[in-house]
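With the first letter of the sequence shown counted as 1, position 271 gets the number 271 in the UniProt record's numbering; the numbers rise by one all the way through.
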Amino acid sequence: MQTPGTLHVVATPIGNLGDLGARALEILGSVDAICAEDTRHTRQLLAHFGIEKTLVALHQHNEDAQAAQLVSRLREGQSLALVSDAGTPLVSDPGFRLVRAVREAGLRVSPVPGACAAIAALSVAGIPSDRFAFEGFLPAKAAARRERLAGLVGEPRTLIFYEASHRIEETLADLVAVFGERRAVLARELTKLFETVLDGDLASLQAQVAADPNQRKGEFVLVVEGAPEDADATLAEGRRVYATLCAHMKPSQAAKVAAELTGAPRKALYGGGGE
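(1) Given Leu261, which residues of its chain have a CB within under 7 Å of its CB, disregarding the five upstream and five downstream residues?
(2) Between Leu25 and Leu82, what straight-line distance do the alpha-carbon atoms span, to the nearest angstrom?
(3) Quick one, are the C-beta atoms of Thr3 and Gly114 less than 8 Å apart?
(4) If you check the beta carbons only, do Asp38 and Asp85 fall under 8 Å apart?
(5) Once DSSP output is grouped into helix, strand and coil, what is the label at Ser110?
(6) Bridge partners of Thr39, per DSSP?
(7) I'd like to know if the segment 247-259 and the segment 136-151 are in contact, where contact means that at least 3 CB-CB pairs between them fall below 8 Å.
(8) Can you give me the start and stop residues for the alpha helix (DSSP H) that Ile27 sits inside?
(9) Apart from the five residues just before and just after Leu237, which ones in its own chain have a Cβ nearer than 6 Å to its Cβ?
(10) Report the option in Val221, Thr234 and Met1 whose CA atom is closest to the CA atom of Val124.
(11) In angstroms with no decimal places, state the Cα-to-Cα distance between Leu17 and Arg188.
(12) Below 8 Å on the Cβ atoms is my guess for Ala33 versus Thr54; work out the distance and round it to an integer in Å.
(13) Does Ile14 come out as helix, strand or coil in the three-state DSSP assignment?
(14) Helix, strand or coil for Glu189? Go by DSSP, reduced to three states.
(15) So, for Arg103: in the same chain, excluding its five sequence neighbours on each side, which residues have a beta-carbon less than 8 Å away from its beta-carbon?
(16) Going by DSSP in three states, Glu155 sits in which element: helix, strand or coil?
(17) With 16 other CB atoms within 10 Å as the buried threshold, where does Pro89 fall?
(18) What first and last residue would you give for the alpha helix (DSSP H) that runs through Glu170?
(19) For Ile51, which beta-bridge partners are listed by DSSP?
Below is the structure:
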């Protein structure tokens, strides 16, 4: 009887190619095929290390369709690797449907740990790391983004977000409006040539990014301190309501209505202490 193969979930570098470990290289060189989000990107990575393998495109648009075929290949005894464009697969990337299908088929899935931008940023943030919540990318549209943030106002765990360069200013502005004065770290281009890690409160990060065009380029991880465990419940509720209303009316008017509805101080809601 044919021994089934293993699906190896392999983390790849987020920038510095030296972060690809020896075990990951061994696995990538030994499997029968590699499932990749962007085969062109992965082919370049493999070429750097002198590895030639069959690549299978696996992304959000074809994952369900590919899963059954890949499970069949594993049953036939082939071993496969799953990689994303950068970092640990399934962390804000496709892959969980394939992993679930393989596990439901009773086949082995084995992790090959390595780089992860969220964890890398948390490790250098100097913000409580014993409990944290990874939120990935916030919604692209302003109203939905503020609504999502409003639901996180009272979250006591450290929050980790990913963000793209063309939205970083808008996201920082929304964080200031919704969370007020919170300690935060903005990690940019981690492990790459132009890596920077800015810290301070949210307003100071917003100012630093606005003042330096270079700080608006690249890939970003935002680490934001959670709400104090003893945070004033009225203020937290006021900020949640304010953020929701901001999607439908001017901030000054939203603050007035939110204050009337919740009893929270209006000045504490409007930009964390505006007019």
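Using N, Cα and C, we set each Cβ at its ideal position, and we do this for glycine too.
The relevant details are as follows:
(1) Val241
(2) 13 Å
(3) Not closer than 8 Å, so no.
(4) Cβ atoms of Asp38 and Asp85: closer than 8 Å.
(5) strand
(6) Per DSSP, none; premise fails for Thr39.
(7) The segment 247-259 makes contact with the segment 136-151: 3 or more CB pairs, one atom from each, lie closer than 8 Å.
(8) Ala22 to Ser30
(9) Contrary to the premise, residue 237 reads as Glu rather than Leu in this sequence. The beta carbon of Glu237 sits closer than 6 Å to those of Thr262, all from its chain and outside the five residues before and after it, given in chain order.
(10) Per the Cα distances, Val221.
(11) 17 Å
(12) 4 Å
(13) coil
(14) coil
(15) Val109
(16) coil
(17) buried
(18) Ile168 to Phe179
(19) Bridge partners of Ile51: none, in fact.
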